[in-house]
Each structure stands twice: as C-alpha cells, then as structure tokens.
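Below: one structure, written as structure tokens.
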Amino acid sequence: MPDGPEVPELTDEQPGRGLAARVPFQVVEVTGPSMVPTLHHGDWLLVQYGAPVRPGDVVILRHPFQQDLLVVKRAVERRAGGWWVLGDNSFAGGDSTDYGTVPEELVLARVRARYRPLTKDQRSVRGVVGWAVSALRPVSAPRPVSAVRSVSRRFRAR
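Heads up, the sequence shown is in our numbering, so the first residue is -8 and it goes up one at a time.
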C-alpha cells in the first residue's frame, strides 16, 4: 500500500485561476488532532477549490499568521471580514478563538469526502469489514442542535 497520495505543490494562485482552474479537486492528508472526531491524523481528504462555503462546511484555509501553513477547520459562520472557523476538538485550539475571523481570500477549498486508510492493526476479518464500512465518507455539516433528540426532556431543559 502506498505511503499516501501524491500532493501537488500549492502556489499563491487565487481560487478559480491557475491551479484551482486546472485541478479543482485535490487529495490532502490530515495531520494533527484539531478536527477529531470528524477527522483523524492520517485521514485523506478530497477537497474542491473554489467551491462555495456554507456555515458548517469543513474547509481548507491558510493560517492567518503563518500563510505557508494550511489548516482544516469547520466554517461556523460568516462575519464582518470573513469566516469564523473552529476545530471540532475544542481542546486542540488553533482556530478563530486564537486568531479571530479568517479573511475570505484565505479560505481556499471545501472538503467533500474523507478516506481513512487501513491501518496495520486492522488485519482480522472483523477489522477489515469495519474499515470497509467506514473508510470513505462524505464530510457534511453536523446536524443542528434542534434536530438532535435527547433521551430525556428533563436533561435537555437544564
């Protein structure tokens, strides 16, 4: 099995021109824990450059203070000056709570799907079947809080 997808070098070209016009889809690898449980270290993502971003979408963006660093976060809401982005793992940090609103031009791509590679410890039939069922998933916005049903109304009211 190959070590990972071959990822072309990113340039400073604007979405919709240059690289994004020639290669609207690209595969990138996740490093770090900021998007757990949605994404894990080592997951591969299919991203689409120039796709419209909506609240709840997982996006690839340039870090506002280290623009050579690409990060993956969830676009929570559009605010004056850009997007408020958060990681799904609130303990990891490194999101808009640290650096504020991200300018629109730094949001490069929208994540369309996640592929979780088979690990070395998944050799049993049960492990491989479990992997096969969950390996490829679309990455979508989480369900709104109003759509999540509580087991007990008493707990929801508190």
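C-beta atoms are modelled at their ideal positions from N, C-alpha and C, and glycine is treated no differently. Quantities reported herein were computed from a predicted structural model and do not represent experimental measurements.
Q: Take Pro129 and list the residues in its own chain whose beta-carbon comes closer than 6 Å to its own, dropping the five residues that flank it on each side.
A: Ala104
Q.
Please report the straight-line C-alpha distance between Trp122 and Glu20, rounded to a whole angstrom.
A. When rounded, the distance between both Cα atoms is 18 Å.
Q) Under the rule that 16 or more other beta-carbon atoms within 10 Å means buried, what is Gly33, buried or exposed? A) exposed
Q: Determine the direct distance from the alpha carbon of Val102 to that of Pro94, and round the result to whole angstroms.
A: A straight line joining the alpha-carbon of Pro94 with that of Val102 spans about 18 Å.
Q) Three-state secondary structure (DSSP) at Val21? A) coil
Q | Boundaries of the beta strand (DSSP E) in which Arg128 is found, first to last residue | A | 127 to 129
Q) How is the beta strand (DSSP E) around Ala42 delimited, first residue to last? A) Run containing Ala42: none; DSSP gives neither H nor E here.
Q: Return the Cβ separation of Val18 and Leu36 in integer angstroms, given the expectation that the two are a contact with Cβ distance under 8 Å.
A: 7 Å
Q: Report all residues from its chain with a CB closer than 7 Å to the CB of Val67; omit the five preceding and five following residues, and keep chain order.
A: Pro46, Trp75, Val76, Leu77
Q | Cβ-Cβ separation, Val14 to Ala100 (assumed contact under 8 Å), whole Å | A | Not really, about 11 Å apart at Cβ, beyond 8 Å.
**Q.** Bridge partners - Glu68, DSSP secondary structure assignment
**A.** DSSP lists Trp75 as partners of Glu68.
Q: Could you pull out every residue in the same chain whose Cβ sits closer than 8 Å to the Cβ of Arg70, ignoring the five residues on either side in sequence?
A: Thr92
Q: Return the first residue and the last residue of the beta strand (DSSP E) that Leu99 is part of.
A: 98 to 106 is the extent of the beta strand (DSSP E) around Leu99.
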